[in-house]
Amino acid sequence: MSLSQIARSIKASPTLALNEKAAILREKGDPVIHLGGGEPKSRAPMDALLAAVNMINSGEVRYAPADGTPDLKKAIIRYTEEYYHRKVKPENVIASGGAKQSIMVAMQAILNPQEEIIFPAPYWVSYPDMAKLCGAIPVPVLPEDGTFYPRLKDIEQRVGSYTRAIIINSPNNPSGAMYPEEFIAEIVEFCEKKDIYLIMDDIYHRLVFDGKKPISAFDYTKKSVEESKLIIVNGVSKQYAMTGFRIGWAVGNKKVIEAMSNIQGHQTSGPSVLLQKAAVGALNGIQSSVESLRVTLENNRNVLIGLLRSFNGVKVTPPDGTFYCFADFSAYEKDSQKLSNFLIDKVMVLTVPGKEFGLDGYLRISYCGAIKEIIDGIERMKWALDPNAPNELYIGDRKLVRDWS
Ligand SMILES: Cc1ncc(COP(=O)(O)O)c(C=O)c1O
106 MSLSQIARSI
116 KASPTLALNE
126 KAAILREKGD
136 PVIHLGGGEP
146 KSRAPMDALL
156 AAVNMINSGE
166 VRYAPADGTP
176 DLKKAIIRYT
186 EEYYHRKVKP
196 ENVIASGGAK
206 QSIMVAMQAI
216 LNPQEEIIFP
226 APYWVSYPDM
236 AKLCGAIPVP
246 VLPEDGTFYP
256 RLKDIEQRVG
266 SYTRAIIINS
276 PNNPSGAMYP
286 EEFIAEIVEF
296 CEKKDIYLIM
306 DDIYHRLVFD
316 GKKPISAFDY
326 TKKSVEESKL
336 IIVNGVSKQY
346 AMTGFRIGWA
356 VGNKKVIEAM
366 SNIQGHQTSG
376 PSVLLQKAAV
386 GALNGIQSSV
396 ESLRVTLENN
406 RNVLIGLLRS
416 FNGVKVTPPD
426 GTFYCFADFS
436 AYEKDSQKLS
446 NFLIDKVMVL
456 TVPGKEFGLD
466 GYLRISYCGA
476 IKEIIDGIER
486 MKWALDPNAP
496 NELYIGDRKL
506 VRDWS
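Residues in the sequence shown are numbered consecutively from 106, following the numbering used here.
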């Protein structure tokens with residue numbers, strides 16, 4: 106069967122594939138621990154649920170405008186004022202089927218085939234394939250100092266005449282690193298000087314620890330929204346534990362938002378009105394669930410870091426936010442895919458290989474699940490990797506016996 110060049114250049118999302126793998130193993134009755142997940146396990150806010158239920162009860166669930174309903178745009182405008190200190194207009198806002206779609210249509214609106222989009226590594230798994238869907242070229246940049254904190258000079262070296270955009274995700278999936286304000290200020294100024302787009306993927310911006318506060322890239326530009334090439338992306342998935350609702354958004358100058366809306370209008374139309382209503386409920390409702398999720402995640406992070414530090418060969422950088430930790434397991438195995446498969450096969454623990462995020466030798470371990478799962482999962486991993494561990498491990502009444510050295 107002949108497929109297009111683009112179709113042949115795209116891989117399945119590795120994280121979605123892992124979710125399927127976990128589901129299949131669980132169905133078989135295997136006691137799987139999923140430390141590869143990308144979604145909080147808390148309930149969606151009551152205000153979100155009630156808003157959607159009220160709409161269902163009305164029986165009037167119709168088409169929505171391609172760029173979002175007026176009431177969701179209004180809620181996003183208020184959110185932008187609160188967290189980004191900018192007054193924007195409805196024409197500066199698009200609501201999409203998740204932040205993922207906002208990023209995708211933003212790339213489609215600004216990238217020509219063969220043009221380049223730069224992002225620091227480690228990076229979110231979807232960026233390279235999204236760029237390829239536009240026929241464009243993804244350019245990951247590894248910080249040369251070996252940390253998770255990019256420096257402008259690393260990025261600067263990769264910018265050339267084909268560079269159209271930079272995408273920054275902070276706090277970062279997979280490292281949990283929150284880039285310092287100075288770096289955000291520098292990158293905003295740099296993109297303005299070069300006249301290139303800067304997409305800020307802020308999907309984790311409120312899930313930060315140790316007293317840190319969300320950063321607004323708009324604070325570092327003197328340009329008006331209309332003059333600026335800054336595109337801010339955010340959404341309800343992570344902060345409100347509403348991943349399945351699929352609502353995200355972007356804020357930018359009205360020309361780019363209009364182009365994104367035209368593209369989205371032909372792709373999917375607007376996201377479902379029902380789910381937009383739920384997002385309005387979350388954004389305008391009681392906010393305590395966000396703080397309670399943040400506190401839980403900070404606690405989970407502390408427990409996980411303590412456990413990982415008790416491994417001899419693992420190097421960890423404590424995450425500043427998100428619900429991921431990107432730990433260096435290369436002392437055990439340099440091929441992260443091999444190590445991840447080994448952990449699934451031997452102890453039924455799912456982690457995501459660092460290779461998928463542009464850095465081999467690492468594993469991404471999520472701490473968005475129950476604390477007991479985190480503790481048990483790490484204990485199993487330690488047993489599997491420590492050659493001096495006892496020969497047997499009990500999981501409930503199931504006995505695992507070491508058949509490797
Ligand atoms: C860095 C990053 N950006 C965007 C998204 C997409 O979020 P959404 O569920 O809103 O599409 C994710 C989801 O995992 C993510 O990790």
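The C-beta atom is built at its ideal place from N, Cα and C for all residues, glycine as well.
Kindly give me the distance between the Cβ atoms of residue i and residue j, rounded to whole angstroms, as I take these residues to be in contact under 8 angstroms.
{"i": "L335", "j": "M305", "result": "7 angstroms"}
{"i": "A436", "j": "G459", "result": "No, A436 and G459 are not in contact; Cβ-Cβ is about 13 angstroms, not under 8 angstroms."}
{"i": "P255", "j": "Y284", "result": "7 angstroms"}
{"i": "D433", "j": "K420", "result": "4 angstroms"}
{"i": "C430", "j": "Y472", "result": "7 angstroms"}
{"i": "M453", "j": "P136", "result": "6 angstroms"}
{"i": "S280", "j": "F314", "result": "The Cβ separation is near 13 angstroms, so there is no contact."}
{"i": "S329", "j": "A171", "result": "So it is not a contact: roughly 25 angstroms between Cβ atoms."}
{"i": "M106", "j": "L379", "result": "Their Cβ separation, rounded to whole angstroms, is 37 angstroms, which puts M106 and L379 out of contact at 8 angstroms."}
{"i": "K439", "j": "A489", "result": "Not really, about 17 angstroms apart at Cβ, beyond 8 angstroms."}
{"i": "V193", "j": "W354", "result": "With 8 angstroms as the limit, V193 and W354 do not qualify as a contact, their Cβ atoms being about 11 angstroms apart."}
{"i": "F416", "j": "K487", "result": "6 angstroms"}
{"i": "K360", "j": "Y309", "result": "Between Y309 and K360 the Cβ distance is about 28 angstroms, and since that is not below 8 angstroms, they are no contact."}
{"i": "N493", "j": "R507", "result": "The Cβ separation is near 11 angstroms, so there is no contact."}
{"i": "E461", "j": "V230", "result": "5 angstroms"}
Check this for me: beta carbons of residue i and residue j, under 8 angstroms apart or not?
{"i": "D307", "j": "I337", "result": "yes"}
{"i": "T174", "j": "V356", "result": "no"}
{"i": "L312", "j": "L402", "result": "yes"}
{"i": "G340", "j": "A204", "result": "yes"}
{"i": "T456", "j": "G143", "result": "no"}
{"i": "A128", "j": "Q381", "result": "no"}
{"i": "P145", "j": "A346", "result": "yes"}
{"i": "T427", "j": "P276", "result": "yes"}
{"i": "L448", "j": "S147", "result": "no"}
{"i": "A241", "j": "I289", "result": "no"}
{"i": "G474", "j": "H139", "result": "yes"}
{"i": "G463", "j": "P195", "result": "no"}
{"i": "S441", "j": "Y467", "result": "yes"}
{"i": "I320", "j": "V408", "result": "no"}
{"i": "A180", "j": "A364", "result": "no"}
{"i": "L177", "j": "V385", "result": "yes"}
{"i": "I273", "j": "I292", "result": "yes"}
{"i": "P424", "j": "A282", "result": "yes"}
{"i": "I483", "j": "N405", "result": "no"}
{"i": "P376", "j": "G164", "result": "no"}
{"i": "N358", "j": "S393", "result": "no"}
Closer than 7 angstroms to a non-hydrogen atom of ligand 3 - does that hold for the CB of residue i?
{"i": "A156", "result": "With respect to small molecules bound, the structure shown includes ligand 1 and not ligand 3."}
Whole alpha helix (DSSP H) runs in the stretch 379-439 with 4 or more residues, listed along the chain?
DSSP runs (the alpha helix (DSSP H)) wholly in the stretch 379-439: 393-414.
Report yes or no: do the stretch 145-165 and the stretch 291-299 share at least 3 C-beta pairs separated by less than 8 angstroms? Because the criterion of three Cβ pairs below 8 angstroms is not met, the stretch 145-165 and the stretch 291-299 do not touch.
* Is it true that the stretch 202-216 meets the stretch 361-374, where meeting means three or more beta-carbon pairs spaced less than 8 angstroms apart? -> Cβ pair count under 8 angstroms is three or more, so yes.
ask   = With a cut-off of 8 angstroms, do at least 3 Cβ pairs link the stretch 251-269 to the stretch 217-227?
value = Yes: the two stretches touch, three or more of their Cβ pairs being nearer than 8 angstroms.
> Which residues have a Cβ closer than 5 angstroms to any heavy atom of ligand 1, listed in chain order?
Replying inline: Going by the Cβ distance cut-off, the answer is G143, G203, A204, K205, W229, N274, N278, D306, I308, G340, S342, G353.
query = Do the stretch 230-247 and the stretch 184-201 touch if we need at least three Cβ pairs shorter than 8 angstroms?
reply = The stretch 230-247 is not in contact with the stretch 184-201.
At what residue ranges does the stretch 232-306 contain a whole run of the alpha helix (DSSP H), taking only runs of 4 or more?
-> 257-261, 286-299, all fully within the stretch 232-306.
| task | Run through the stretch 122-172 for me and flag every whole alpha helix (DSSP H) of 4 or more residues, listed as ranges in chain order. | result | Here the runs fully enclosed are 151-163.
| request: Please list the segments of the alpha helix (DSSP H) lying wholly inside the stretch 437-474, counting only runs of 4 or more residues, in order along the chain. | output: The qualifying runs are 441-452.
**OP:** For the stretch 180-223, list the beta strand (DSSP E) runs that are entirely contained and at least 3 residues long, ordered along the chain.
**Re:** As far as the stretch 180-223 is concerned, its whole beta strand (DSSP E) runs of at least 3 residues are 198-202.
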